[in-house]
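Scroll down for the structure; my scribbles are underneath it.
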Amino acid sequence: MNKLNVNFLCFFVFIFANASLAQNSLFSLTVEEEMFSGFPALQSFVNGGYDGKWVLIGGRTDGLHRRQPFASFDPDFKNINIYVVDIANKQVWSKPLTGLPADLEEQLASTNMEFVQRGDVLYITGGYGYSPSADEFLTYPFLTAVNLPGLIDAVINGGNIASHFRYIMDERVRVTGGYLGLLNDDFYLVGGQNFEGRYNPMGPDHGPGFFQAYTNAIKKFRVNDDGSALGITNYGEVVDTANLHRRDYNMAPQIFPDGTHGFTVFSGVFQYEQDLPWLNTVDILPDGYVVNYDFNQYLNQYHTAHTCLYSPLHNEMYTAFFGGISRYFLNSAGVLVDDQEVPFVKTISMVTRLADGSMSEYKLGEMPGLLGSGAAFIPLDNLPVFSNGIFNLDEMADEQLLGYVIGGIESTLPNVLFLNGDNLSGASGRVFKVILKKQATNALEIGGEQYFGLRLYPSPGSGKITVNFSVPVNDAVYLTFTDTTGQVVKQEKRMVEFGEYELYYDFSNLAGGTYFLELKNKHFSLTRKFVKE
-7 MNKLNVNFLC FFVFIFANAS LAQNSLFSLT VEEEMFSGFP ALQSFVNGGY
43 DGKWVLIGGR TDGLHRRQPF ASFDPDFKNI NIYVVDIANK QVWSKPLTGL
93 PADLEEQLAS TNMEFVQRGD VLYITGGYGY SPSADEFLTY PFLTAVNLPG
143 LIDAVINGGN IASHFRYIMD ERVRVTGGYL GLLNDDFYLV GGQNFEGRYN
193 PMGPDHGPGF FQAYTNAIKK FRVNDDGSAL GITNYGEVVD TANLHRRDYN
243 MAPQIFPDGT HGFTVFSGVF QYEQDLPWLN TVDILPDGYV VNYDFNQYLN
293 QYHTAHTCLY SPLHNEMYTA FFGGISRYFL NSAGVLVDDQ EVPFVKTISM
343 VTRLADGSMS EYKLGEMPGL LGSGAAFIPL DNLPVFSNGI FNLDEMADEQ
393 LLGYVIGGIE STLPNVLFLN GDNLSGASGR VFKVILKKQA TNALEIGGEQ
443 YFGLRLYPSP GSGKITVNFS VPVNDAVYLT FTDTTGQVVK QEKRMVEFGE
493 YELYYDFSNL AGGTYFLELK NKHFSLTRKF VKE
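Numbers -7 to 525, taken from the numbering used here, label the letters of the sequence shown in order.
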């Protein structure tokens, strides 16, 4: 097996859409950098919004965590400030977390907290970081409620911030790297882990060691909040160690073909048998969840900025992802490349769900750099959205600004984890506008062409042919040779591991003429024509 070479393209403005969808090619999106001097450089942070202003809490001010345990998640780079941003007037205010109770201050300076906003209150759970009071790295067991109007006023005008936070301890929310969603007043805390100790890529029993336990769960509950008392009620959880063993993924609100509102858990890490991303997705519904074994997501597999649009007219769902980290990307020839070091990528992609429930994936373009991991998409206020925050595509105007991609990690190279150098990656302070345009443009669907990269090399006069293809995962593939009448002249099934293959066939006994090779698996098929002289 030969690994394919990594190739990257760099652009500055991208226009993209799923033009391969024929009548559903309703729009394109443009990503443009918005100059904003002094914007805070953060990654893996919490965000909320009120009255045109954003609140940014927690996360980190450095880039990808270091591989060495003594340097990983250095406490000197935790975000110890609360930021308020006025995007329209390009203003930023900040206030340190000092003055809060010690354990709350520690949680709010952690990374990879889960959060969701209900009305003007932002709810935060978990998070990982160094606890000075415990003198160790841990995941925090707190549910915190933030009064956004009061906090924004306090930060801008130099007031006391403490009265705008309330929190309780609850071991059930000791989670980092999961997702917190809100549906019909029910909170869904999905996936993630409890991690205690120093990160160590050699595993929990090496060096300083650590404790790690994935939740493998969907935790569903309600938050009772009268503005003073805070509590978790109606708690229940479903554990699925086979399919919910995920963290650092994207969970996005969805409207399913039958009109039901819910969420989809996209990709994420790690598989049990190897430290590689999951490929399939999981749909979460009010009455349960469904594992989707009929779709693989190859692009944008780690947590990154994303946004969702839905067309009621066509009953179609669109979820767009902006950069980040992924095992796979498309090379300059448009063929999927498998890099098991799981690099930073520039890919902008979209996953579509059509009215019949089928899902497809498209490469839409590229970010202007290795950006997006741990970033956020913040929507513009007062746009036509459904109750779950999904944009109503049919009611959108042309040239509509949807929102902004902010923060995240910017890397200098695709693979930096195993390099020991300073400034290989850092937190990004760049801001990108996302603009909707109601016109279709080309996008590249992940289909047989991208999956197999099939090439045929007939040997003139000899009746011999060389077949070259690759697969990005271990797979069962079928090769079928037919003539122009559809008569099968050769057929075989091969179990292949990820990588590139070169097969040789001798058809010297066949009559001269035109023949076809179909290469397929359970998801894709690709046909090539060749002529035997």
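A virtual CB, placed ideally from N, CA and C, is assigned to each residue, including glycine.
How should residue i be labelled, buried or exposed, when 16 other C-beta atoms within 10 angstroms of its C-beta is the threshold for buried?
i: H198; result: exposed
i: R58; result: buried
i: Q246; result: buried
i: N(-6); result: Caution applies to N(-6), whose pLDDT of 32 falls short of 50 and renders its modelled position unreliable; the model cannot decide the point.
i: N16; result: Low local confidence applies: a pLDDT of 39 at N16 is under 50, so the model's placement there is unreliable, with the coordinate-based value given in what follows. Per the 10 Å Cβ criterion, buried.
i: V523; result: exposed
i: Q60; result: exposed
i: G413; result: exposed
i: R110; result: exposed
i: M388; result: buried
i: E98; result: buried
i: Y496; result: exposed
i: N81; result: exposed
i: K45; result: buried
Just to confirm, is the Cβ distance from residue i to residue j under 9 Å?
i: T311; j: F258; result: yes
i: N284; j: L346; result: no
i: L135; j: I224; result: yes
i: E163; j: P133; result: yes
i: D275; j: T256; result: yes
i: L175; j: G254; result: yes
i: K212; j: F179; result: yes
i: I79; j: L100; result: no
i: L363; j: G326; result: no
i: V334; j: Q293; result: yes
i: F287; j: M351; result: yes
i: G357; j: E402; result: no
Take residue i as the anchor and find which of the options has the nearest alpha-carbon.
i: V377; options: T519, Y302 and L363; result: Y302
i: H295; options: N104, Y496, A63 and W46; result: N104
i: V108; options: L140, F499, L92 and F62; result: L140
i: I457; options: N434, L428, K425 and L509; result: L509
i: P406; options: F28, T22, G55 and G30; result: G55
i: A33; options: R422, Y449, T404 and V459; result: R422
i: G150; options: D178, N186 and P88; result: P88
i: K425; options: Y496, A137, Y42 and L394; result: L394
i: E525; options: P450, S155, V480 and M487; result: P450
i: V408; options: I317, A432 and N152; result: I317
i: Y191; options: A234, T131 and G364; result: T131
i: F336; options: Y320, G219 and R52; result: Y320
i: G251; options: Y120, I370 and S379; result: S379
i: D390; options: G381, S417, D467 and A432; result: A432
i: N71; options: N208, D145 and T90; result: T90
i: G30; options: Y42, Q83 and F65; result: Q83
i: V215; options: T207, S517, N208 and D177; result: D177
How long is the line joining the alpha carbons of residue i and residue j, rounded to whole angstroms?
i: V230; j: F37; result: 27 Å
i: A14; j: A367; result: For A14, the predicted structure reports a pLDDT of 33, less than 50, and the residue's modelled location is therefore unreliable. The matter cannot be settled from this model.
i: F410; j: G491; result: 23 Å
i: A419; j: L428; result: 27 Å
i: R520; j: H298; result: 36 Å
i: I210; j: L222; result: 21 Å
i: L171; j: L181; result: In the sequence on display, residue 171 carries Tyr and not Leu. Cα-Cα distance, rounded: 6 Å.
i: K355; j: I340; result: 6 Å
i: G118; j: V76; result: 22 Å
i: T476; j: L322; result: 33 Å
i: L236; j: A503; result: 54 Å
i: L1; j: K338; result: Its pLDDT being 25, under 50, L1 is placed unreliably in this model, and the value from its coordinates should be taken loosely. Straight-line Cα distance between these residues: approximately 8 Å.
i: W270; j: F62; result: 29 Å
i: T474; j: V459; result: 15 Å
i: F6; j: L21; result: Only weak support exists for where F6 lies, its pLDDT of 29 falling under 50; the value from the coordinates is given anyway. The alpha-carbon atoms of F6 and L21 are separated by roughly 8 Å.
i: Y264; j: S155; result: 44 Å
i: N25; j: V397; result: According to the sequence as given, residue 25 is Glu; it is not Asn. Cα-Cα distance, rounded: 9 Å.
i: D386; j: G201; result: 53 Å
i: N501; j: Y507; result: 13 Å
i: T273; j: G51; result: 26 Å
i: G445; j: Q479; result: 25 Å
i: G142; j: L92; result: 15 Å
i: K512; j: K485; result: 10 Å
i: G195; j: P278; result: 37 Å
i: N596; j: K430; result: Outside the shown range of the chain, which is -7 to 525, sits residue 596, and nothing can be said about it.
Confirm the yes/no value for this check: CB of residue i, any heavy atom of the ligand NAD, distance under 8 Å.
i: Y206; result: For the structure depicted, the ligand NAD is absent and the ligand set is empty, with no information on it obtainable.
My parser needs the beta strand (DSSP E) runs of 3 or more residues fully inside the region 30 to 68; what are they? Listed in chain order, they are 38 to 42 and 45 to 49.
Any beta strand (DSSP E) of 3 or more consecutive residues that is wholly inside the region 242 to 325: Runs found: 242 to 247, 253 to 258, 273 to 277, 280 to 284, 297 to 303, 308 to 317 and 320 to 322.
Enumerated in chain order, which unbroken segments of the alpha helix (DSSP H) with a length of 4 residues or greater are wholly contained in the region 71 to 103? Positions of the alpha helix (DSSP H) runs, each at least 4 residues long and wholly inside the region 71 to 103, are given as 94 to 100 in order along the chain.
Which whole runs of the alpha helix (DSSP H) in the region 118 to 181 are 4 residues long or more, in chain order? Inside the region 118 to 181, DSSP marks whole alpha helix (DSSP H) runs of 4 or more residues at positions 140 to 149, from first to last along the chain.
Those runs of the beta strand (DSSP E) which lie wholly inside the region 389 to 426 and span at least 3 residues: List check, beta strand (DSSP E) in window: 392 to 403 and 417 to 419.
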